[in-house]
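> Sequential numbering of the sequence shown, starting at 1, is according to full-length UniProt numbering. Note that beta-carbon positions come from the ideal geometry of N, C-alpha and C, so glycine has one too. The structure under discussion is supplied below as structure tokens; questions concerning it will follow.
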Amino acid sequence: MEIVLSAVGVIALILLVLGLGVWVFSGLAIVALLSLIVIGDVSMDRAGAILSRILFRSANSWELSAIPLFILMGELIFRSDISDRLFRGLEPWTKKIPGGILHTNVFGCALFAAVSGSSAATTATVGKITTTELKKRGYDRSLSIGSLAGAGSLGLLIPPSLVMIVYGIQSEVSISKLFMAGVLPGILIAALYSGYIVIRALLNPSLCPPEKSDTAGKLESIFLLLPVISLIVIVMGAIYSGIATPSEAAAVGVFATLVILIKERQLSFKMIQEAMIATLLSSTMVCSILVSAALLSTAMGFLHLPSELASYIASLDLSPSLLLLALAVFYVILGLFLDGISITVMSLPITLPIVILAGFDPIWFGIFLVILIELGQITPPVGFNLFVLQGLTGEKIGQVAKSAFPFFILMCVAAFILCLFPEIALWLPNALSQ
Numbered sequence: 001m002e003i004v005l006s007a008v009g010v011i012a013l014i015l016l017v018l019g020l021g022v023w024v025f026s027g028l029a030i031v032a033l034l035s036l037i038v039i040g041d042v043s044m045d046r047a048g049a050i051l052s053r054i055l056f057r058s059a060n061s062w063e064l065s066a067i068p069l070f071i072l073m074g075e076l077i078f079r080s081d082i083s084d085r086l087f088r089g090l091e092p093w094t095k096k097i098p099g100g101i102l103h104t105n106v107f108g109c110a111l112f113a114a115v116s117g118s119s120a121a122t123t124a125t126v127g128k129i130t131t132t133e134l135k136k137r138g139y140d141r142s143l144s145i146g147s148l149a150g151a152g153s154l155g156l157l158i159p160p161s162l163v164m165i166v167y168g169i170q171s172e173v174s175i176s177k178l179f180m181a182g183v184l185p186g187i188l189i190a191a192l193y194s195g196y197i198v199i200r201a202l203l204n205p206s207l208c209p210p211e212k213s214d215t216a217g218k219l220e221s222i223f224l225l226l227p228v229i230s231l232i233v234i235v236m237g238a239i240y241s242g243i244a245t246p247s248e249a250a251a252v253g254v255f256a257t258l259v260i261l262i263k264e265r266q267l268s269f270k271m272i273q274e275a276m277i278a279t280l281l282s283s284t285m286v287c288s289i290l291v292s293a294a295l296l297s298t299a300m301g302f303l304h305l306p307s308e309l310a311s312y313i314a315s316l317d318l319s320p321s322l323l324l325l326a327l328a329v330f331y332v333i334l335g336l337f338l339d340g341i342s343i344t345v346m347s348l349p350i351t352l353p354i355v356i357l358a359g360f361d362p363i364w365f366g367i368f369l370v371i372l373i374e375l376g377q378i379t380p381p382v383g384f385n386l387f388v389l390q391g392l393t394g395e396k397i398g399q400v401a402k403s404a405f406p407f408f409i410l411m412c413v414a415a416f417i418l419c420l421f422p423e424i425a426l427w428l429p430n431a432l433s434q
């Protein structure tokens, strides 16, 4: 019972520090230091020596280099007209599906997610075109906003994913295998979203005005989609074929993006400058949180908190289903207040040993965790996708959240299906690694 009180104390300390408005990276470092001194009864000098070594080692991780590169790739694309091309390229293929061009939200986000890695960037890039166009054509406002909110969260699941890179670094599992594991669950969620749109359109045709099909437009659309498809093939092909590591593939992706933008005569000094500044700000935030999370993880390991807590929970003899349900509720609650990367780095030192001891595959759990984090992207009060859509549409945050709720339920269904059939996540990495 003492170990449970220690765990509760650490969690309470984290929430207290963050609740005071302290930056996440400094808050985690403060909690790590206080945990060693107060709970571990370690002297200030020794605690400083322990944490300084970890600080240097974690900051020099080669895997971290993939993060700024993938962010830069997304920032460059965001400032180009690729989102407009995505819409115009997908439009002819969706007109005859029940729900019409509402499906461009889902398909567009799925495609852009494969070159971005960020949920907010995916939502903003696709949404800056589709929100205006769908409103102009008379599509149901709630359904168009909700589908974009849900589909935008695919930026965390469909590789390359920044959260997967963070999870891979912390859990010490193959980032390439995590990327592979995210493909089929991402397709599953996209299929659930499109299926829901089809059902709503069939039940109430007035939600989606009829569109005229254009065979010639389909042929032209292939050329409009070529830039995005080329980037997906280059980056993911390099990783899945084993030619490049995720970090090397990110560098290749940035180079390919620059070549495409030069070819399309869109690259400018201003675009590069804005993209570099945005990348610097985002990368500094992510990497500083990761480094401070390593400090917290080390402090927890020094106190034997994860292993002791895992042993205690194992002694409760919870069924795997109950354990997953408890973790799901825990992560959904965290998602109400924190972003995905903060949730991952804060919780993994405690939850991962429990999950592994219960017999779950760490790669499968990584995908399960990402889906739970995605739920936080579309739940108030800190759902980033909701705020992005509020800025794009001008709707009240409550209305945006209400529109996103059906897609929140669909994502919960996807998490349940993944629990019933874990091979959805594990089949592709196992097949490609043979």
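Please confirm whether Met236 and Pro159 have their CB atoms less than 9 Å apart.
Indexing the sequence shown from 1 puts residue 236 at position 236. Indexing the sequence shown from 1 puts residue 159 at position 159. For Met236 and Pro159, yes; Cβs fall inside 9 Å.
> Going by DSSP, what residue range makes up the alpha helix (DSSP H) through Val42?
As a first step, residue 42 is located in the sequence shown; it is residue number 42 there, counting from the start. Neither: Val42 is in no alpha helix (DSSP H) and is coded neither H nor E.
> List the whole-angstrom C-beta distance separating Ser403 from Ile145, where the pair is believed to meet the contact cut-off of C-beta under 8 Å.
Against the sequence shown, residue 403 aligns to sequence position 403. Against the sequence shown, residue 145 aligns to sequence position 145. Confirmed, Cβ separation roughly 4 Å.
> Which of the three DSSP states is assigned to Gln266 in this structure?
On the sequence shown, position 266 is the one that residue 266 refers to. Gln266: coil per DSSP, three-state reduction.
> Quick one: Cα of Leu369 to Cα of Pro380, how far?
For the purposes of this step, residue 369 is taken as residue 369 along the sequence shown, with counting starting at 1. For the purposes of this step, residue 380 is taken as residue 380 along the sequence shown, with counting starting at 1. Cα to Cα, the separation comes out at about 19 Å.
> Provide the residue span of the alpha helix (DSSP H) that contains Gly195, from first to last.
Within the sequence shown, numbered from 1, the residue matching residue 195 stands at position 195. Per DSSP, Gly195 belongs to the alpha helix (DSSP H) from Ile175 to Leu203.
> Rounded C-beta distance between Leu76 and Met271? I'm assuming under 8 Å.
Here residue 76 corresponds to residue number 76 of the sequence shown, with the count starting at 1. Here residue 271 corresponds to residue number 271 of the sequence shown, with the count starting at 1. So it is a contact: roughly 7 Å between Cβ atoms.
> So, are the CB atoms of Ala425 and Ile367 less than 9 Å apart?
On the sequence shown, position 425 is the one that residue 425 refers to. On the sequence shown, position 367 is the one that residue 367 refers to. Against a cut-off of 9 Å, the Cβ pair of Ile367 and Ala425 comes out as a contact.
> Assess contact between the stretch 123-135 and the stretch 351-360, defined as three or more Cβ pairs (one per stretch) separated by less than 8 Å. Is contact present?
No, the stretch 123-135 does not touch the stretch 351-360.
> Do you know offhand how far Lys96's Cα is from Leu90's?
Position 96 of the sequence shown, counted from the first residue, corresponds to residue 96. Position 90 of the sequence shown, counted from the first residue, corresponds to residue 90. Spanning the alpha carbons of Lys96 and Leu90 requires a straight line of approximately 12 Å.
> Considering only the alpha carbon of each residue, which of Leu188, Phe107 and Leu261 lies closest to Ala414?
For the purposes of this step, residue 414 is taken as the residue at position 414 of the sequence shown. The residue with the shortest Cα to Cα distance from Ala414 is Leu188.
> What span of residues does the alpha helix (DSSP H) with Trp93 cover, start to end?
Counted from its first residue, the sequence shown places residue 93 at position 93. Looking at the DSSP string, the run of the alpha helix (DSSP H) that includes Trp93 is Ile82 to Thr94.
> Buried or exposed for Glu395, going by 16 or more other Cβ atoms inside 10 Å?
Taking the sequence shown and counting its residues from 1, the one referred to as residue 395 is at position 395. That one is buried.
> Determine the burial state of Phe269: buried for a count of at least 16 other Cβ atoms within 10 Å of its Cβ, exposed for fewer.
Taking the sequence shown and counting its residues from 1, the one referred to as residue 269 is at position 269. By the 10 Å Cβ count, Phe269 comes out exposed.
> Secondary structure at Lys212, three-state DSSP: helix, strand or coil?
Numbered from 1 along the sequence shown, position 212 holds the residue referred to as residue 212. The answer is coil: DSSP assigns Lys212 none of H, G, I, E or B.
> In the structure shown, what three-state DSSP assignment does residue 488 receive?
An answer regarding residue 488 cannot be provided, because it is not within the stretch 1 to 434 covered by the chain.
> If we ignore side chains and look at the alpha-carbon of each, how far apart do Glu423 and Pro429 end up?
Sequence index remark: in the sequence shown, residue 423 carries index 423 (1-based). Sequence index remark: in the sequence shown, residue 429 carries index 429 (1-based). Using only the alpha carbons, I get a separation of about 10 Å.
> Straight-line CA distance for Arg265 to Asp81?
Taking the sequence shown and counting its residues from 1, the one referred to as residue 265 is at position 265. Taking the sequence shown and counting its residues from 1, the one referred to as residue 81 is at position 81. Distance from the CA atom of Arg265 to the CA atom of Asp81, rounded to whole angstroms, is 11 Å.
> Measuring CB to CB, does Leu375 end up less than 9 Å from Cys412?
As a first step, residue 375 must be located in the sequence shown, where it is residue number 375. As a first step, residue 412 must be located in the sequence shown, where it is residue number 412. A contact, by the Cβ cut-off of 9 Å.
> Between Pro353, Ile165 and Thr104, which lies nearest to Leu143 when the distance is taken from Cα to Cα?
Within the sequence shown, the letter at position 143 stands for residue 143. Nearest C-alpha to Leu143: Thr104.
> Given a cut-off of 9 Å on the beta-carbon distance, is the pair residue 447 and Leu267 in contact?
Here the chain covers residues 1 to 434 and nothing more, so residue 447 does not appear.
> Do you know how far the Cα of Leu418 is from the Cα of Gly150?
To locate residue 150, count along the sequence shown from 1; it is residue 150. To locate residue 418, count along the sequence shown from 1; it is residue 418. Those two C-alpha atoms are separated by around 18 Å.
> Between Leu162, Leu202 and Leu323, which has its C-alpha nearest Phe70's C-alpha?
Within the sequence shown, the letter at position 70 stands for residue 70. Nearest option by C-alpha distance: Leu162.
> Start and end of the alpha helix (DSSP H) containing Glu75?
The residue given as residue 75 occupies position 75 in the sequence shown. It spans Ala66 to Phe78 - the alpha helix (DSSP H) in which Glu75 sits, taken as one unbroken run.
> Assign Gly320 to buried or exposed, taking buried as 16 or more other Cβ atoms, counted over all protein chains shown, within 10 Å of its Cβ.
Mapped onto the sequence shown, residue 320 falls at position 320. Sequence check: residue 320 is Pro here, not Gly. It is exposed - the Cβ of Pro320 has fewer than 16 other Cβ atoms within 10 Å.
> Can you tell me which of the three DSSP states Ile158 falls into?
In the sequence shown, counting from the first residue as 1, residue 158 sits at position 158. The answer is coil: DSSP assigns Ile158 none of H, G, I, E or B.
> Identify, in the order they occur along the chain, each residue of the same chain with its Cβ nearer than 8 Å to the Cβ of Leu303, setting aside the five sequence neighbours on each side.
Walking along the sequence shown from the start, residue 303 turns up at place 303. Excluding residues up to 5 positions away in sequence, Ser6, Ser35, Leu36, Ile39 and Gly40 lie with their Cβ nearer than 8 Å to the Cβ of Leu303 in the same chain.
> Does the separation of the CB atoms of Gln377 and Leu156 fall below 9 Å?
Along the sequence shown, one-based indexing puts residue 377 at 377. Along the sequence shown, one-based indexing puts residue 156 at 156. Yes, Cβ-Cβ distance for Gln377 and Leu156 is below 9 Å.
> Apply the 10 Å Cβ neighbour rule to Gly391 and answer buried if 16 or more other Cβ atoms are within range, or exposed otherwise.
The count along the sequence shown starts at 1 and reaches residue 391 at position 391. The Cβ neighbour count for Gly391, taken over all protein chains shown within 10 Å, is under 16; the residue is labelled exposed.
> Give the C-beta separation of Leu102 and Ile199 to the nearest angstrom, bearing in mind that I take them to be a contact with Cβ-Cβ under 8 Å.
Position 102 of the sequence shown, counted from the start, is the residue given in the question as residue 102. Position 199 of the sequence shown, counted from the start, is the residue given in the question as residue 199. Actually they are not in contact, since the Cβ atoms of Leu102 and Ile199 sit about 12 Å apart, beyond 8 Å.
> Would you kindly check if the distance between the Cβ of Val166 and the Cβ of Thr284 is under 9 Å?
One-based indexing of the sequence shown puts residue 284 at position 284. One-based indexing of the sequence shown puts residue 166 at position 166. No, they are not a contact pair.
> So, helix, strand or coil for Leu111, using DSSP?
Here residue 111 is taken as the residue at index 111 of the sequence shown, counted from 1. If DSSP states are grouped into helix, strand and coil, Leu111 belongs with the helices.
> To the nearest angstrom, how far is the alpha carbon of Trp23 from that of Pro210?
Along the sequence shown, read from residue 1 onward, the residue named residue 23 stands at position 23. Along the sequence shown, read from residue 1 onward, the residue named residue 210 stands at position 210. So the alpha carbons of these two residues sit roughly 50 Å apart.
> Using alpha carbons as the reference points, say which of Phe78, Gly99 and Ile169 lies closest to Leu64.
Taking the first residue of the sequence shown as position 1, residue 64 is located at position 64. Of Phe78, Gly99 and Ile169, the residue nearest in Cα terms is Ile169.
> Report the rounded CA-to-CA distance for Val388 versus Ala120, giving the unit in angstroms.
As a working note, residue 388 is residue 388 in the sequence shown. As a working note, residue 120 is residue 120 in the sequence shown. Looking at the two C-alpha atoms, the distance is approximately 7 Å.
> Cα separation between Ala238 and Ala244?
As a working note, residue 238 is residue 238 in the sequence shown. As a working note, residue 244 is residue 244 in the sequence shown. Rounded to whole angstroms, Ala238 to Ala244 spans 5 Å at the Cα level.
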